[in-house]
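Residue numbers (the working numbering): 912 to 1299. For each residue, glycine too, the CB sits at the ideal point set by N, CA and C. Here the structure is a predicted model, which is why all the values come from computation and not from measurement.
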Ligand code: V47
């Protein structure tokens, strides 16, 4: 450790604030708000990468996690009108969809024999559906695949369905858990700071509501993820404020499993006039998030949004998880300019991870190891992915 720190100090001839940050990272001390902003302002992405990689390897060695999952997006009808969203439609509007519960059962039946371990359910915030409807959806899914982990409903969806059913957040979460809810995904967080939130998603759950719902879930023993939508109107101070609030809640509850930075994609939404940030900014962001969120077990690169090549590179910038197989079951990012038909076989995911010099680990939704692909040479043929 001392050697690497001295190397960094010599190699980068660190200015005093960065030297102090490096020392703090190596001794496991927490970074301050100002230091978070300073890291974002650091022009040397390889320094950030080296520091973040040190932390990543301290936590996970060479392991990089993935899972076998698919998504269900029950509807894209949404009462909200977020400026960044390309997915939402009004009832009756062209392109709107709304699956019946029978159609959702059919989707799950397609996976009845498949080795998937998780379904991720997220959709538009429907004006008419309450907790009872979504509870029934969960019960029907569990009846078909009782072993499937159901990661479902962003805090924004929970807030509205609870209000519709006149339940408190705690009652709604307890009800959904009894129906089969296993964890919450991290969506809906966007940027917490009101200066930005007012411009990109004015009417939906506030930062305080989002954090309250995740706090309540954690208190009930329901784990969750968290996200940050970056690369649009926000300043670095807004990103650090966002990370600060997540870090504080994680100190309280320890209920977050993974943090997922979500890069703003600009197609087909009201913010299309903005440019998307360059890949270097994505890598820098992963690194700073890894360094700032010192209590977050996992940092995930969501490949359908960030792209396969950046996801692969991110494994050297603090990331330890690349999400899963997806199986072309999500439209949220495709509609905003992400990969059109996102699907990766297990062999492709293994190839992607090995191509970055890491050891692929198939995990379940609670990050329990299912299989470590550490054979040298591999015992089964692995097709290296053709990177798009
Ligand atoms: O909250 C929507 C984002 C999120 C755009 O928990 C956009 O494992 C970029 O939360 N550009 C929903 N982002 C998806 C989500 C998620 C994804 C992957 C894994 C997990 C997890 C959760 O998608 C929304 C919003 O932040 N989003 N539109 C867009 N144009």
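Here DSSP, grouped into helix, strand and coil, assigns residue 1197 to helix. Of the residues assessed, residue 933 falls on the buried side of the cut-off, its CB having 16 or more other CB atoms within 10 angstroms.
Judged by the Cβ position, residue 1216 qualifies as a neighbour of the ligand V47 at the 8 angstroms threshold, a heavy atom of the ligand being closer than this. In summary, residue 1062 is buried, with 16 or more beta-carbon neighbours lying within 10 Å of its beta-carbon over all protein chains present.
Distances from the CB of residue 1093 to the heavy atoms of the ligand V47 are all 8 angstroms or more.
Its chain contains 1144, 1145 and 1149 as the residues whose beta carbon lies nearer than 7 angstroms to that of residue 1107, once the 5 sequence neighbours on both sides are disregarded; these appear in chain order. In the three-state scheme derived from DSSP, where H, G and I count as helix and E and B as strand, residue 1131 is classed as coil. With contact defined as three or more Cβ pairs closer than 8 angstroms, the stretch 935-947 and the stretch 1200-1217 are in contact. In the DSSP annotation of this structure, residue 1234 is not part of any alpha helix (DSSP H); the continuous beta strand (DSSP E) holding it starts and ends at 1232-1235. For residue 1213, same chain residues with a beta-carbon under 7 angstroms away, outside a window of 5 residues either side, are 1171, 1173 and 1234 in chain order. When beta bridges are read from the DSSP output, residue 1094 appears opposite 1062. When rounded, the separation of the alpha-carbon atoms in residue 1058 and residue 1031 is 14 angstroms. Secondary structure of residue 975 (DSSP, three-state): strand. DSSP places residue 1285 in the coil class of the three-state scheme, outside both helix and strand. About 14 angstroms separates the beta carbons of residue 1067 and residue 1042, which is beyond the 8 angstroms limit, so they are not a contact pair. Residue 989 places its beta carbon less than 9 angstroms from that of residue 1000. Here the C-alpha atom of residue 1126 lies approximately 42 angstroms from the C-alpha atom of residue 922.
Secondary structure note for residue 1271: its beta strand (DSSP E) is the uninterrupted segment 1270-1274. For the pair of segments examined, the stretch 1184-1193 was found not to touch the stretch 1127-1140: the number of CB pairs separated by less than 8 angstroms stays below three. The C-beta distance from residue 1195 to residue 956 rounds to 5 angstroms, short enough to meet the 8 angstroms contact threshold. Per DSSP, residue 1174 lies in no alpha helix (DSSP H) segment; the continuous beta strand (DSSP E) that holds it begins and ends at 1167-1174. In this structure, residue 1279 sits away from residue 967, with a CB-CB distance that is not shorter than 9 angstroms. By a beta-carbon distance limit of 8 angstroms, residue 1051 does not contact residue 1084. Their separation comes to about 19 angstroms.
In this chain, residue 1013 is not harboured by any beta strand (DSSP E); it is covered by the alpha helix (DSSP H) spanning 1012-1021.
With a cutoff of 9 angstroms on beta-carbon distance, residue 1232 and residue 965 are scored as not near each other. Judged by their CB atoms, residue 1029 and residue 1275 are nearer to each other than the 9 angstroms cut-off.
Judged by DSSP secondary structure, residue 1032 falls within the beta strand (DSSP E) whose first and last residues are 1029-1032. Annotation: residue 1236 to residue 947 spans about 33 angstroms, alpha carbon to alpha carbon. Counting the other Cβ atoms within 10 Å of the Cβ of residue 1095 gives 16 or more, which makes it buried.
Of the candidates 1169, 1004 and 1097, the residue whose Cα lies closest to the Cα of residue 987 is 1004. When the Cα atoms are used, residue 1006 and residue 1272 turn out to be separated by approximately 38 angstroms.
According to the DSSP assignment, residue 937 belongs to the alpha helix (DSSP H) that extends over 927-938. Taking the C-beta atoms as reference points, residue 970 is found no nearer than 9 angstroms to residue 959. By the criterion of a C-beta distance shorter than 6 angstroms, residue 1016 is surrounded in its chain by 1051, once the five residues flanking it on both sides are discounted. Judged by beta-carbon spacing, residue 1180 lies within the 9 angstroms limit of residue 1247, meaning their Cβ atoms are closer than that value. Per DSSP, the continuous beta strand (DSSP E) segment holding residue 983 begins and ends at 980-983.
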